[in-house]
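Protein sequence lines correspond, in order, to chains D and F.
Take 99 as the starting number for the first sequence in the numbering used here and just add one per residue.
Take 99 as the starting number for the second sequence in the numbering used here and just add one per residue.
Glycine included, every Cβ here is placed at the ideal spot set by N, Cα and C.
From a predicted model like this one, the values you see are computed outputs, not experimental measurements.
What follows is a single structure, written as structure tokens, with notes after it.
There are 2 protein chains.
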Amino acid sequence: MTISSFHPTPRTLMGPGPSDVSPRVLQALGRPTIGHLDPEFVGMMDEVKSLLQYAFQTKNEFTIAVSAPGSAGMETCFVNLVEPQDKVIVCVNGVFGMRMVENVERLGATAVVINDKWGHPVSVDKVTQALQDHPDAKFLAFVHAETSTGALSDAKTLCALAQEHDALTIVDAVTSLGGVELRVDEWGIDAIYSGSQKCLSCVPGISPVSFSPRAIEKLSQRDGKVPSWFLDQTLVMSYWSGQGKRSYHHTAPVNSLYALHESLVMLQEEGLENAWARHQAQHEKLKAGLTQMGIEFIVDAAHRLPQLNTVVIPEGADDAAIRGTLLNDYNLEIGAGLGALAGKAWRIGLMGYAARNESVALCLAALKSALGK
Amino acid sequence: MTISSFHPTPRTLMGPGPSDVSPRVLQALGRPTIGHLDPEFVGMMDEVKSLLQYAFQTKNEFTIAVSAPGSAGMETCFVNLVEPQDKVIVCVNGVFGMRMVENVERLGATAVVINDKWGHPVSVDKVTQALQDHPDAKFLAFVHAETSTGALSDAKTLCALAQEHDALTIVDAVTSLGGVELRVDEWGIDAIYSGSQKCLSCVPGISPVSFSPRAIEKLSQRDGKVPSWFLDQTLVMSYWSGQGKRSYHHTAPVNSLYALHESLVMLQEEGLENAWARHQAQHEKLKAGLTQMGIEFIVDAAHRLPQLNTVVIPEGADDAAIRGTLLNDYNLEIGAGLGALAGKAWRIGLMGYAARNESVALCLAALKSALGK
């Protein structure tokens, strides 16, 4: 068997991610590979760090990009900070909260799980109670923007509560970064991770991470080594550090970092607040069109993510067949439901480069036709 | 501060990796991103699997690409297969053997370390003795091609020894895959990992991995869950599996996999044996030129990697200054010494796309001029 070069059919990506990647980012991605210790590359890494500090709204010195997808960013936070003797309050209102529980348990630590209904935000009351019931909890972990349901939780309030109880916060910002308001320093987030392939509209495979000085202190006071060598940030720091000589830890994903750099340059050009406003404005347009078709949202208006619209599959519509029509006839990808919402919901992403007039117009027109409305 | 788009100066990469990336691979990398569950993408993944089976010379059903660099490939093998109660014989003759020891110890397992001098291959005699002394050893782990020294070890003989003692083998093939003879099935390797950025000449960030049926059996008989969620191959399998529906584990690095696919298509076009022969032929040319300049190799001719030439820095030559001249005046990168060889050796890579007449000619001419020969 002889296998030929692969030429993907261009698609419009309006699922839960990867999102549409801008041509500028693809161009940057394809630039010539240089060495991971080349002075030019090291200079670019310093810029990536500054740009990520802007995107996260933080002055955290430890702000880097993990050389692997968002799930590795999640694991980076847990494996470095959480020790077997620690208790972690974990809020679960979708798939990614469940994954946090997996992370805690695999480390041999104790997870106190707070459940909320899928499609609902994390309950501030339940977290208040849990922090009172577990004064020994070292961490509060929650998902800011649940990619599996489209619900936005009140990160600012949750972090303030954790601080009152002297618990560190671990926040999943995979789908929120660049799409909705997020202020790491002002809100007092201690460890945060995101993904390249959502509202930054970069290619998948990279995970921005930032640790507060309090988190770094916890890391430096560990009893033993971090269980994972690859994700050990005490080692990674000496590669990303701005001071002195960079020491080799692993070979950085050079070209993917070119792409992340370009996507962050674009975010800086647009302005963070403008990017948040653009996602909201495009969401309003999509919502108006969907409402006209009688399509309903899973999440209450007050907690709805503009960049991830989870909607009830209309009665009589065949989930897979409709998504197949969109993909085959319109080269348009929307997302299936995940976990408890499989077969019941669609997830329509308006992330980054997909939060544009032309994408919303295409999505509405194609859905209308496929549903025979 | 406003940060602009990054435009790297094109370099010729002749260090220990990343290696020169062919324009075909960069083109593939920059193709439009599609969804990680798109039928076209899933079809491409099946092809990547077949192409990796060819490159590894294996029929192993579990042959995949880990969504992270080679060090994560290493960790994938150890974290899935080695349990805390296991004893692992680890051969150390350079940096990457030391990293294997780190992996074993961080898992809470026992490492029996066999040391050989840097620049020497793993000693078959010492391994024979260690297997006799430790009949309870579950694994033999070693580096096929030590990237830090340029030494090639006799993987075939080492694997045969391990089999006699019923130990599973974990083999680092980061620098060997595609550059020198490697036959996973014929030699009976149980777990092997490589990197995208060496002799495959793909961009860094991806790690090909293959597990034998015996390794899969060990994995399936674990006492508890794999400590890492991200690297848990019992979960990853259901995404890479050819049977039935792909289930979501994490978002695959879509574009990096386009690039890996293209690099493997090129390997298939050339033919594996021809690629091995090309690396050897270019090594002979480089060796002839270096010898004329009076430059000596660190590794004995019998154990020398053609694709990674570790040479003694000539007396009187300033390590950093010479490498700086090559980089600044010729846009040519060669590697510094690592670990015990820092300041004493240079590492000249002839990997993948860099194993060409023009690269060897440039390297020799630039070195000659920089050294004032």
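| query | result |
| --- | --- |
| Contiguous alpha helix (DSSP H) assignments of at least 4 residues, all confined to the segment 140–186 of chain D | 168–179 |
| Proximity test, Cβ basis, 9 Å: Q125/D and chain F | yes |
| Member of R197/D, M196/D, M143/D whose CA lies at the smallest distance from the CA of M335/D | M143/D |
| Rounded C-alpha distance that separates W338/F from V164/F | 10 Å |
| Terminal residues of the alpha helix (DSSP H) in which P351/F lies | It is not in any alpha helix (DSSP H) - P351/F carries neither H nor E in the DSSP assignment. |
| Nearest-angstrom Cα separation, counted from K236/F out to I314/D | 37 Å |
| Minimum Cβ-Cβ distance from A253/D to chain F less than 9 Å | no |
| Inter-residue CB distance, L439/F and T161/F (contact presumed, cutoff 8 Å) | Not confirmed; about 33 Å, so no contact. |
| Under 7 Å by beta carbon: chain F residues contacting P116/D | T131, G133, H134, T349, V352 |
| Rounded Cβ spacing between P116/D and Q295/D (contact assumed at less than 8 Å) | 4 Å |
| Whole-number beta carbon distance between L250/F and G276/F, since they are thought to touch under 8 Å | Going by Cβ atoms, the distance from G276/F to L250/F rounds to 14 Å, so no, they are not a contact pair. |
| Proximal chain D residues relative to E173/F, where beta-carbon distance stays under 7 Å | S326, W327, F328 |
| Pair within 9 Å by beta-carbon distance, T245/F and F194/F | yes |
| Cβ-based burial, G450/D [other Cβ within 10 Å; buried from 16] | buried |
| Bridge partner(s) assigned by DSSP for C189/F | I212/F |
| The alpha helix (DSSP H) enclosing I411/D, as first and last residue numbers | Looking at the DSSP string, I411/D is not in any alpha helix (DSSP H), and its letter there is neither H nor E. |
| Cβ neighbours of Y428/F in the same chain (closer than 6 Å, five flanking residues each side left out) | A464 |
| C-beta atoms of S305/F and S292/F nearer than 9 Å | yes |
| Chain-order list of residues whose beta-carbon lies under 8 Å from that of K157/F (same chain, five-residue window excluded) | Q151, D283 |
| Residues bridged to V458/D [DSSP beta-bridge criterion] | Its beta-bridge partners do not exist; DSSP assigns none. |
| Proximity test, Cβ basis, 9 Å: I101/D and chain F | yes |
| Within-9 Å CB hit, Q366/F to chain D | yes |
| Range covered by the beta strand (DSSP E) that runs through A434/D | 430–434 |
| Proximity test, Cβ basis, 9 Å: M142/F and chain D | yes |
| Beta-carbon gap between E145/F and F104/D smaller than 9 Å | yes |
| Cβ-Cβ distance between L448/F and Q380/F below 9 Å | yes |
| Identity of the residue in E413/F, P137/F, D270/F, P412/F nearest R344/F by Cα | P137/F |
| With 16 other Cβ atoms within 10 Å as the buried cut-off, status of Q331/F | buried |
| Cβ contact check for the segment 351–361 of chain D and the segment 119–130 of chain D: 3 or more pairs under 8 Å | yes |
| Beta carbon proximity, G435/D to chain F, threshold 9 Å | no |
| The segment 225–241 of chain D contacting the segment 186–202 of chain D, beta-carbon criterion three pairs below 8 Å | yes |
| Start-end ranges of the beta strand (DSSP E) lying completely within the segment 342–389 of chain F, minimum 3 residues | none |
| Where N201/F meets chain D, residues with beta-carbon distance less than 8 Å | W327 |
| Min CB distance K323/F to chain D below 9 Å | yes |
| Proximity to G113/D [Cα-Cα], best of S467/D, A453/D, K466/D | A453/D |
| As assigned by DSSP and simplified to three states, the class of M335/D | helix |
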